[in-house]
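Q: Taking numbering that gives the first Met the number 0, the leading residue of the sequence shown gets 0, the next gets one more, and so forth.
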Amino acid sequence: MNFKRSDFPSDFVFGAATAAYQIEGHAHGGAGPTHWDTFAATPGNVINAEDGAMACDHYHRYPQDLDLLQDAGMDAYRFSTSWARVLPEGRGTVNQEGLDYYDRLVDGMLERGLKPFQTLYHWEMPSALADLGGWANRDVAQWFGDFTEIITDRIGDRVHAIATINEPWCVAFLSHFLGHHAPGMRDLRATARAMHHVNLAHGEAMLRLRAKNMQNCGVVLNFDYPAPLDDTPEALSGVDLQDAIFNRWFIEAMTKGTYPERVLEGFGAHMPANWQDDMATIQQPLDWLGVNYYTRNLMKHDPNAPWPGLSAQPGDLATTQMGWEIYPDGLHHFLTRLARDYVGQTPLYVTENGMAWAETGENGALSHPERVAYASDHIQATHRAIADGANVKGFFYWSLLDNYEWAFGYEKRFGIIHVDFDTLERTPKASYHALKAALAQ
Ligand code: IFM
């Protein structure tokens, strides 16, 4: 790594991130069915039709995983609490086993000196609520608020920070317009509604957290860097529209109470009735903002194609196992831009950044300069953003473990710890050791 801990302010937090469905083993502990179980069971949606039933079995092996975080010298662990594990039907009867599990998990972090960074929703909508329309149903905001209260009553006294929702763009646009994630819809009307309701659910959860006097409440948004494919007006228009849909829709609503006009034009009459009345609920003060950043895309807009008429493709930079271009300057861009245009000195955390890479050699443990360089260059970009005035308070590598990469099943490996999905054996990779060495300095 080309950084050391002492390059950063003494209160800067280094950690690693995971999400419940991707690692826990959803079959364990009385969790209810989710829309990811049935999406995965539908041929063609997920590589090898794999699901999160066993995943990394973090549900049983979390003590070992927390030990590995502690041994690496990490300060914090970003995890999520599964709605369907706590409320198998999404509402109503509580699964005590689920609450007990999160209780043990948080205590395990504290025993090891790790700050718990909780995310309330990282994508596993309970099936019973998906049956009612899930994110397309306005009631989702209240259902999510109720879940927020139940889990907070149990572990809210010990978590260090809480995010409402992880990557609303994926929850709404990727899942209802592009159809790549559960529920696999491709419908403009459902998209317009999901895009609004996910923001409304964020606002409602913030209100419920505030009513319980919770501190350190925020949200985790993802940002992709859109660059023009060429120097035509169509390419510049594509950059602006992609930026509006992907990057501005959520942060603008949450911090300014407005939506970008170009997206509203596309959603047209499909926005929920009287959506304007919800903007005050959505615009809640944030204690911190989580920034997930991975890549850039080259954009072009075709004004004659049905809205949005966008095409995106990688350029000629090196790419990861996902085919994503590696562009650390994009992280610097978003950290400084968010501070300048949206949140001022509100603390920013890089809540996800990392790469999928197919390490070779026994247990994937061979030296792999690509992942080390990726992490190192993005941590450097974070450092530059701090020097340029962004109040960045932490960096979480995605991910602690190789895990269930959604529609890509178990094929794409993001972990700094290799997981053998036959034996579930964990083996720290070269990037784990490199991070550990940098954090020790
Ligand atoms: O694995 C995902 C994670 O769940 C959300 N952010 C992006 C990661 C890599 O695709």
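C-beta: ideal position from N, C-alpha, C; glycine also.
Applying the 10 Å Cβ sphere with the 16-neighbour rule, what's the burial state of A406?
A: The residue is buried, with at least 16 neighbouring Cβ atoms inside 10 Å.
Q: State the start and end residues of the unbroken alpha helix (DSSP H) segment that holds P62.
A: Segment H57 to D70, the alpha helix (DSSP H) holding P62.
Q: Using a 10 Å radius around the Cβ and a threshold of 16 neighbouring Cβ atoms, would you call S5 buried or exposed?
A: Burial call: exposed.
Q: Classify S9 as buried or exposed, calling it buried when 16 or more other Cβ atoms lie within 10 Å of its own Cβ.
A: The residue is exposed, with fewer than 16 neighbouring Cβ atoms inside 10 Å.
Q: DSSP has I290 in a bridge; who is on the other side?
A: Going by the sequence as given, residue 290 is Val instead of Ile. Answer by DSSP bridge pairing, in chain order: L220 and V349.
Q: Is N47 helix, strand or coil when you go by DSSP?
A: It is helical.
Q: Does DSSP put Y431 in a helix, in a strand, or in coil?
A: Y431 falls in the helix class under three-state DSSP.
Q: Does the region 135-144 come into contact with the region 35-45, if we say contact requires no fewer than three beta-carbon pairs (one atom in each stretch) closer than 8 angstroms?
A: No, because fewer than three Cβ pairs between the region 135-144 and the region 35-45 fall closer than 8 angstroms, the two stretches do not touch.
Q: Is it buried or exposed for A386, if we count other Cβ within 10 angstroms and need 16 for buried?
A: By the neighbour-count rule (16 or more Cβ atoms within 10 Å), A386 is not buried but exposed.
Q: Are the beta-carbon atoms belonging to W274 and P259 less than 8 angstroms from one another?
A: No, the Cβ-Cβ distance between W274 and P259 is not below 8 angstroms.
Q: Given 7 angstroms as the limit, tell me if H121 has its C-beta closer than that to any heavy atom belonging to the ligand IFM.
A: Yes, Cβ of H121 sits closer than 7 angstroms to a heavy atom of the ligand IFM.
Q: Would I150 and T80 qualify as a contact pair, given that the criterion is a beta-carbon distance under 8 angstroms?
A: Yes, the Cβ-Cβ distance between I150 and T80 is below 8 angstroms.
Q: Shortest alpha-carbon distance to N221 belongs to which of G202, F116, I250 and A75?
A: Per the Cα distances, I250.
Q: With L208 and T147 assumed to form a contact (beta carbons below 8 angstroms), what rounded beta-carbon distance in angstroms separates them?
A: Right, their Cβ atoms sit about 6 angstroms apart.
Q: Can the beta-carbon of S375 be found less than 8 angstroms from the beta-carbon of F2?
A: Cβ distance < 8 angstroms, so S375 and F2 count as in contact.
Q: Enumerate, from N- to C-terminal direction, the unbroken alpha helix (DSSP H) stretches of 4 or more residues contained entirely within the region 81-147.
A: 82-85, 95-110 and 126-129, all fully within the region 81-147.
Q: Consider the C-beta atom of A54 and the heavy atoms of the ligand IFM; say whether any pair is separated by less than 7 angstroms.
A: No, Cβ of A54 sits at least 7 angstroms from all heavy atoms of the ligand IFM.
Q: Can you tell me whether D229 is buried or exposed, with buried defined as 16 or more other CB within 10 angstroms of its CB?
A: So D229 counts as exposed.
Q: Compute the distance between the beta-carbons of L67 and G107, then report whether it is under 8 angstroms.
A: For L67 and G107, no; Cβs fall outside 8 angstroms.
Q: Taking 8 angstroms as the cut-off, decide whether the C-beta atoms of W287 and N215 are in contact.
A: Yes, they are a contact pair.
Q: Between I164, N212, V85 and V290, which lies nearest to Y224 when the distance is taken from Cα to Cα?
A: The option with the nearest alpha carbon to Y224 is V290.
Q: With N165 as the anchor, note down where its beta strand (DSSP E) starts and where it stops.
A: Note, N165: beta strand (DSSP E), A160 to N165.
Q: Under 8 angstroms, do L347 and N296 count as touching if we go by C-beta distance?
A: Going by C-beta atoms, L347 is not nearer than 8 angstroms to N296.
Q: Between the alpha carbons of A355 and P313, how many angstroms are there, rounded?
A: When rounded, the distance between both Cα atoms is 16 angstroms.
Q: Taking the alpha-carbon positions, what's the A200 to T359 distance?
A: Cα to Cα, the separation comes out at about 42 angstroms.
Q: Who are the Cβ neighbours of G183 in its own chain at under 8 angstroms, not counting the five residues just before and after it?
A: Once the five neighbours on either side are set aside, the close Cβ partners of G183 are F38, T41, N44 and S174.
Q: Excluding the 5 residues preceding and the 5 following H27 in the sequence, name in chain order all residues of the same chain whose CB lies nearer than 8 angstroms to its CB.
A: Answer for H27: D56, Y58 and H59, listed in chain order.
Q: Are N303 and Q21 touching if we call contact CB-CB under 8 angstroms?
A: For N303 and Q21, no; Cβs fall outside 8 angstroms.
Q: Mind checking whether the beta-carbon of Q117 lies closer than 7 angstroms to any heavy atom of the ligand IFM?
A: Answer for Q117: no, Cβ out of range of the ligand IFM.
Q: DSSP has H195 in a bridge; who is on the other side?
A: Looking at the DSSP assignment, H195 forms no beta bridge with any residue, so it has no partner.
Q: Would you check whether the ligand IFM has a heavy atom nearer than 7 angstroms to the C-beta of W356?
A: No - the ligand IFM has no heavy atom lying nearer than 7 angstroms to the Cβ of W356.
Q: In three-state terms, what does DSSP make of M298?
A: Reduced to three states, the DSSP call for M298 is strand.
Q: Could you please give me the residues that DSSP links to L173 through a beta bridge?
A: In the DSSP output, where bridge partners are listed per residue, L173 has none listed.
Q: Assuming contact is defined by CB atoms lying nearer than 8 angstroms, are L240 and H332 in contact in what I supplied?
A: No, the pair does not count as a contact, with Cβ atoms beyond the cut-off.
Q: With three or more beta-carbon pairs closer than 8 angstroms as the criterion, would you say the region 278-287 touches the region 187-204?
A: Short answer: they touch.
Q: Give the straight-line distance between the Cα atoms of A135 and W82, rounded to the nearest whole angstrom.
A: Taking the straight line from one Cα to the other gives about 17 angstroms.
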